[in-house]
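In what follows, a structure is listed as structure tokens, so that the remarks can point back to it.
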Amino acid sequence: MPHRPESIAAVAVILPAYNEEATVEAVIRAFRAALPDAALYVVDNNSQDATARVAADVLAALGCEGGVIHEPRQGKGNALRRAFMEVDAQVYLIADADLTYPADRAMDLIAPVLQGRADMVVGDRQSGGHYERENKRRLHGLGNRLVGGLINFFFSSRIRDPMSGYRACSRTFIKNYALLVEGFQIETDITLHALDKRFRILELPVEYVDRPPGSESKLSTVTDGAKVLFTILQILRYYRPLAFFTTIAAVCVAAGLIAAIPVFDDWLRYRYIYHVPLAILAAALEIVAALMLAVGLVLDSIAHQQKTNYELRLLSGR
Numbered sequence: 059m060p061h062r063p064e065s066i067a068a069v070a071v072i073l074p075a076y077n078e079e080a081t082v083e084a085v086i087r088a089f090r091a092a093l094p095d096a097a098l099y100v101v102d103n104n105s106q107d108a109t110a111r112v113a114a115d116v117l118a119a120l121g122c123e124g125g126v127i128h129e130p131r132q133g134k135g136n137a138l139r140r141a142f143m144e145v146d147a148q149v150y151l152i153a154d155a156d157l158t159y160p161a162d163r164a165m166d167l168i169a170p171v172l173q174g175r176a177d178m179v180v181g182d183r184q185s186g187g188h189y190e191r192e193n194k195r196r197l198h199g200l201g202n203r204l205v206g207g208l209i210n211f212f213f214s215s216r217i218r219d220p221m222s223g224y225r226a227c228s229r230t231f232i233k234n235y236a237l238l239v240e241g242f243q244i245e246t247d248i249t250l251h252a253l254d255k256r257f258r259i260l261e262l263p264v265e266y267v268d269r270p271p272g273s274e275s276k277l278s279t280v281t282d283g284a285k286v287l288f289t290i291l292q293i294l295r296y297y298r299p300l301a302f303f304t305t306i307a308a309v310c311v312a313a314g315l316i317a318a319i320p321v322f323d324d325w326l327r328y329r330y331i332y333h334v335p336l337a338i339l340a341a342a343l344e345i346v347a348a349l350m351l352a353v354g355l356v357l358d359s360i361a362h363q364q365k366t367n368y369e370l371r372l373l374s375g376r
């Protein structure tokens with residue numbers, strides 16, 4: 059079982075790891091050097107190699123506060139959820155255990171949170187062009203831009219790197235974040251949660267390098283990309299229901315009008331409707347559009363009330 063500190067640590071470094079035997083020692087040593095007073099936690103996410111043993115040996119040799127947390131349910135979201143339940147800290151620094159994020163920028167990320175200037179600081183891989191140069195999986199770069207564009211459009215934001223895995227978050231943010239996703243959608247989900255709940259987000263450019271030889275990515279471009287897009291749709295359905303269902307209603311209205319063109323033509327020419335199936339389809343689509351708009355209005359009212367309750371809970375300090 060991981061060590062549970064009796065008091066709340068100032069900074070906790072959370073390193074989810076799945077089969078990172080080749081890199082986890084170097085990552086731990088790097089963050090230990092950058093943040094010598096921080097507690098370091100490696101979350102072993104059902105690794106099939108020696109990740110947990112290597113991490114435990116290095117943490118013990120360095121005398122680090124923290125330990126190895128075990129989460130058998132596969133997925134980065136599950137690993138972070140377990141860490142957030144087990145670890146108490148004023149600031150949570152989240153990074154990958156694959157040597158892709160610079161540990162020497164850790165203090166830059168946590169400083170704004172410690173100073174009360176931000177609730178979440180994101181290590182931005184995109185602005186300096188490092189991700190574009192280093193990333194060998196070109197579809198991942200395209201996916202990042204697509205996701206960022208969708209998020210900024212629907213939430214009127216200017217987030218440059220919504221899928222970065224290098225973040226510093228305040229205790230208030232973490233302890234009021236219901237982590238429901240299981241996999242690599244976690245970065246998108248946590249960004250959308252921060253935007254929806256109006257937490258202060260700060261992005262700082264960081265240097266990104268691709269994995270070293272011998273370390274393999276666990277990402278699947280198509281599968282994980284589809285999961286991320288599905289997560290965005292889910293978030294929009296939950297947090298922007300009026301926009302989500304109004305969009306569906308608009309599509310139904312347009313489809314209904316297109317289907318009704320031959321029907322209108324029949325009536326104008328012959329004062330009789332020959333395309334009866336199209337008339338039924340057009341009417342059904344317009345009814346569905348009205349229902350979608352009504353559902354959107356109702357759910358928008360519910361979402362507004364949930365936001366009010368969330369704000370009151372934050373103000374009460376619970």
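The sequence shown begins at 59 in the working numbering and counts up by one.
Using N, Cα and C, we set each Cβ at its ideal position, and we do this for glycine too.
Small disclaimer: the values here were computed from a predicted structure and weren't measured.
Quiz item: Buried or exposed: which applies to residue 251, given that a residue is buried once 16 or more other Cβ atoms fall within 10 Å of its Cβ?
Solution: buried
Quiz item: Which partner residues of residue 95 appear in the DSSP bridge assignment?
Solution: Answer is none; residue 95 lacks a bridge partner.
Quiz item: Which residue's Cα is closest to the Cα of residue 261: 165, 309 and 179?
Solution: 179
Quiz item: Can you give the Cα-Cα distance for residue 312 and residue 346, rounded to whole angstroms?
Solution: 12 Å
Quiz item: Using a Cβ-Cβ cut-off of 6 Å (strictly less than) and excluding sequence neighbours within five positions of residue 238, which residues of its own chain qualify?
Solution: none
Quiz item: Are the segment 162-174 and the segment 129-140 touching by the rule of at least three beta carbon pairs closer than 8 Å?
Solution: no
Quiz item: Rounded to a whole number of angstroms, what is the C-alpha to C-alpha distance between residue 259 and residue 212?
Solution: 17 Å
Practice problem: Find out if the Cβ-Cβ distance for the pair residue 241, residue 304 is shorter than 8 Å. | Solution: no
Exercise. Leaving aside the five residues before and after residue 183 along the sequence, list all residues of the same chain whose C-beta is less than 6 Å from its C-beta, in chain order.
Key: 189, 219, 222 and 266
Practice problem: Kindly identify the DSSP beta-bridge partner or partners of residue 337. | Solution: None, per the DSSP bridge assignment.
Quiz item: With DSSP run on the structure shown, which of helix, strand or coil describes residue 135?
Solution: helix
Self-check item: Nearest candidate by alpha-carbon position, reference residue 69, set 103, 76, 83 and 170
Solution: 170
Exercise. Any chance you could list the alpha helix (DSSP H) runs of at least 4 consecutive residues sitting entirely within the segment 146-190, in chain order?
Key: 164-172
Quiz item: Looking at the structure shown, is residue 356 part of a helix, part of a strand, or coil, going by DSSP?
Solution: helix
Exercise. Leaving out five residues on either side along the sequence, give the residues of the same chain with a beta carbon under 7 Å from the beta carbon of residue 298.
Key: 212
Quiz item: Do you know offhand how far residue 229's Cα is from residue 106's?
Solution: 32 Å
Quiz item: According to the Cβ coordinates, are residue 100 and residue 126 closer than 8 Å?
Solution: yes
Quiz item: So, helix, strand or coil for residue 127, using DSSP?
Solution: strand
Quiz item: Taking just the CA atoms, how far does residue 343 sit from residue 314?
Solution: 5 Å
Exercise. Would you be able to state if there are at least three C-beta pairs under 8 Å between the segment 352-368 and the segment 323-341?
Key: no
Quiz item: Considering only residues of the same chain and omitting the five flanking positions on each side of residue 232, which have a CB-CB separation below 6 Å?
Solution: 142 and 150
Exercise. State the DSSP-derived secondary structure class of residue 220, mapped to helix, strand or coil.
Key: coil
Self-check item: Every unbroken alpha helix (DSSP H) inside the segment 229-253 [4 residues or more]
Solution: 229-233
Self-check item: DSSP state of residue 122 mapped onto helix, strand, coil
Solution: coil
Quiz prompt | Reference residue 145; option with closest CA among 324, 248 and 96 | solution = 96
Quiz item: Under a Cβ-count criterion, where at least 16 other Cβ atoms within 10 Å of its own Cβ denotes burial, should residue 291 be classed as buried or exposed?
Solution: exposed
Quiz item: If you run the structure through DSSP and keep just helix, strand and coil, what is residue 102?
Solution: strand
Self-check item: Buried or exposed by the 16-neighbour rule on C-beta atoms within 10 Å, applied to residue 335
Solution: exposed
Self-check item: Pairwise C-alpha distance: residue 350 and residue 357
Solution: 10 Å
Quiz prompt | N-terminal and C-terminal residue of the alpha helix (DSSP H) that residue 319 is part of | solution = 299-328
Quiz item: residue 323: buried (16+ other C-beta within 10 angstroms of its C-beta) or exposed?
Solution: exposed
Quiz item: For residue 71, which of 122, 80, 359 and 216 has the nearest alpha-carbon?
Solution: 122
Quiz item: Cα-Cα, which of 227, 248, 103 and 206 is closest to residue 78?
Solution: 103
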